[in-house]
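Participant:
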Amino acid sequence: MIPRSFEYSAPGTLDEAVALLQKLGSDAKILSGGQSLIPMMKLRLASPPHIVDINRIPGLDYITEKDGFLRIGALVRESDLERSELVRSRFPILVDTTSVIADPLVRNQATVCGNLAHGDPANDHPATMLALGAIVVAVGPRGERDVPVENFFPALFTTALEADEILREIKIPIPPPSTGGAYLKLERKVGDYATAGVAVQITLNNSGACTAAAGIGLTNVGFTPIKAVKAEAFVKGKQLDQAAVKQASEIAAGESHPVDDIRGPADYKRDLVRVLTARAIVRALERVKGGV
Amino acid sequence: MAAINVKVNGVDHKAEVEPRLLLVHFIREVLRLTGTHIGCDTSHCGACTVVLDGRAVKSCTVFAIQADGREVLTVEGLEQDGKLNHLQEGFFQEHGLQCGFCTPGMLMTGYEFLKNNAEPSEDEIRHAISGNLCRCTGYVNIVKAYQYAAQKMREGGAQ
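The listed protein sequences correspond, in order, to chains U and A.
Using numbering that gives the first Met the number 0, the first residue of the first sequence is number 0, and each one after it goes up by one.
Using numbering that gives the first Met the number 0, the first residue of the second sequence is number 0, and each one after it goes up by one.
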């Protein structure tokens with residue numbers, strides 16, 4: 000399969016890239032990993048007249064900890080995340096997430112930031128970033144701005160990015176001690192989208208109760224990635240015993256809006272959210288206590 | 000059209016390409032290196048896997064122009080001085096193929112994987128080849144071929 004013809008630019012700096020976007024408007028599409036974009040172009044589901052390839056811009060492949068945030072640059076590949084010692088030791092939830100995205104070959108090209116910028120509710124990082132309270136850094140002609148990830152996905156395949164903006168970085172707040180997180184996904188086979196996925200991040204206080212920082216995100220059970228705000232509110236201040244975990248998972252299931260499709264009927268997926276939420280909370284609790 | 004220069008199996012290749020030309024089509028149709036296969040053409044099967052700057056990628060999902068100034072290794076580049084590399088030898092010794100269509104991709108995935116993991120467990124091998132589909136072998140002998148190569152590499156160094 001061959002995509003439609005397009006004009007191609009490979010700017011050497013972010014400023015040049017932004018200038019191109021400003022000139023071309025919605026005719027331009029950013030190419031980073033290309034692992035969703037190129038298949039869509041081959042299937043002619045997308046035919047952007049102009050591709051702006053940001054892969055030649057130096058200095059965007061960093062994973063660093065700075066000013067209280069883990070920072071992931073626009074050209075960090077999924078496999079970089081998987082191999083990063085910093086990520087492995089501090090953010091096992093990110094390793095959970097990246098290791099169930101597509102397959103190892105796709106992960107060698109696909110970028111973490113692209114996983115958000117694509118705006119696909121079936122992608123895995125959005126739920127995890129919702130649970131982590133991440134911030135998206137967008138750069139455009141008016142400079143940089145921070146977008147909290149809960150405001151980043153207004154509608155299906157739509158993000159808060161303007162046509163002349165580039166997702167430059169994801170910032171994740173460094174969690175306080177006694178924090179644990181986990182991402183669980185059911186997929187029919189490697190490379191498939193989630194039938195459902197659930198990300199949970201919790202922090203416990205000195206008496207073992209859940210603090211206000213709890214985050215729960217849901218994958219592919221709605222038109223956008225879902226922040227399970229009612230379940231988050233429920234767990235705050237609670238001791239997460241068996242009964243509380245059960246109740247929280249039922250609330251999260253009620254916040255999902257799945258539809259019937261080849262991956263199963265809506266009722267099944269809603270129940271899957273319940274099961275995965277309970278398991279993800281349990282694993283997050285184990286990780287608070289130092290488990291893996 | 001755009002001018003590109005891609006080093007493939009150690010040799011520089013200059014060409015004029017349309018930006019929409021996929022890397023796999025460049026390799027097969029411009030360079031006539033037909034060892035790299037096109038299977039599903041939808042980023043699933045891994046038959047088109049090549050190593051781009053040290054990383055195994057699906058060449059049906061990369062534009063040739065993205066490889067400008069970079070290095071590509073294809074299955075034709077594995078043999079050195081008429082001698083199969085350890086992984087190729089492993090596929091031969093362990094009967095790691097039947098129809099052979101997936102083999103070039105399996106070899107290129109393994110090339111990167113074994114460079115980074117000299118003593119892989121069976122589980123790690125199966126995880127590593129999860130983006131390469133084989134419809135003949137049931138994967139058992141492919142896993143054995145990887146183990147054979149890993150053993151040889153530990154005994155005899157690189158390749």
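No residue lacks a Cβ here, since even glycine has one placed at the ideal position from N, Cα and C.
In the DSSP assignment, what are the bridge partners of Leu-13 of chain U?
Facilitator: Paired residues: none, contrary to the question.
Participant: Residue range of the beta strand (DSSP E) that Ser-120 of chain A falls in?
Facilitator: Run containing Ser-120 of chain A: none; DSSP gives neither H nor E here.
Participant: Apply the 10 Å Cβ neighbour rule to Asp-52 of chain A and answer buried if 16 or more other Cβ atoms are within range, or exposed otherwise.
Facilitator: Under this definition Asp-52 of chain A is an exposed residue.
Participant: Apply the 10 Å Cβ neighbour rule to Asn-204 of chain U and answer buried if 16 or more other Cβ atoms are within range, or exposed otherwise.
Facilitator: Exposed: under 16 other Cβ atoms inside 10 Å.
Participant: Which parts of the segment 204-287 of chain U are runs of the alpha helix (DSSP H), unbroken and 4 residues or longer, counting only runs that do not cross its ends?
Facilitator: Segments of the alpha helix (DSSP H) lying fully in the segment 204-287 of chain U: 228-234, 241-254, 265-287.
Participant: Should Ser-42 of chain A go down as buried or exposed, given a rule of 16 or more other Cβ atoms within 10 Å for buried?
Facilitator: With 16 or more Cβ atoms within 10 Å of its Cβ, Ser-42 of chain A is classed as buried.
Participant: The segment 127-144 of chain A: which residues have C-beta closer than 9 Å to a C-beta of chain U, in chain order?
Facilitator: Listed by position, the residues of the segment 127-144 of chain A near chain U (Cβ gap below 9 Å) are Ala-127, Ile-128, Ser-129, Gly-130, Asn-131.
Participant: May I have the straight-line CA-CA distance separating Asn-115 of chain A from Glu-123 of chain A, to the nearest angstrom?
Facilitator: Cα-Cα distance, rounded: 12 Å.
Participant: Taking buried to mean at least 16 other C-beta atoms within 10 Å of its own C-beta, is Met-0 of chain U buried or exposed?
Facilitator: When all chains shown are included, Met-0 of chain U counts as exposed.
Participant: With C-beta atoms as the reference, is Ser-35 of chain U less than 9 Å away from His-117 of chain U?
Facilitator: For Ser-35 of chain U and His-117 of chain U, yes; Cβs fall inside 9 Å.
Participant: Measuring CB atoms only, is the segment 200-219 of chain U touching the segment 126-135 of chain U, in the sense that at least three cross pairs come out at less than 8 Å?
Facilitator: The segment 200-219 of chain U vs the segment 126-135 of chain U: in contact.
Participant: Going by the CB atoms, is the gap between Ala-283 of chain U and Gln-238 of chain U shorter than 9 Å?
Facilitator: Contact flag unset, no.
Participant: Helix, strand or coil: how does DSSP classify Val-291 of chain U here?
Facilitator: Looking at Val-291 of chain U - three-state DSSP - the assignment turns out to be coil, as it is neither helix nor strand.
Participant: Contact defined as beta carbons within less than 8 Å: I believe Gly-180 of chain U pairs with Arg-286 of chain U. What is the distance between those atoms, to the nearest angstrom?
Facilitator: That belief holds up - the Cβ atoms of Gly-180 of chain U and Arg-286 of chain U are roughly 7 Å apart, short of 8 Å.
Participant: Count the other CB atoms, across all protein chains shown, that sit within 10 Å of the CB of Ser-255 of chain U; report buried if there are 16 or more and exposed otherwise.
Facilitator: That one is buried.
Participant: Can you tell me where the alpha helix (DSSP H) with Val-142 of chain A in it begins and where it stops?
Facilitator: Here the alpha helix (DSSP H) through Val-142 of chain A covers 139-155.
Participant: Thinking just about the alpha-carbon of each residue, which of A:Glu-118, A:Ser-120, A:Gly-89, A:Ala-117 is nearest to the one in Met-105 of chain A?
Facilitator: When each option's Cα is compared against that of Met-105 of chain A, the closest is A:Gly-89.
Participant: To the nearest angstrom, how far is the alpha carbon of Ala-227 of chain U from that of Thr-178 of chain U?
Facilitator: Taking the straight line from one Cα to the other gives about 19 Å.
Participant: Residues in the same chain with beta-carbon distance under 7 Å from Thr-157 of chain U, minus the five sequence neighbours each way, listed in chain order, please.
Facilitator: Here the set comprises Gly-118.
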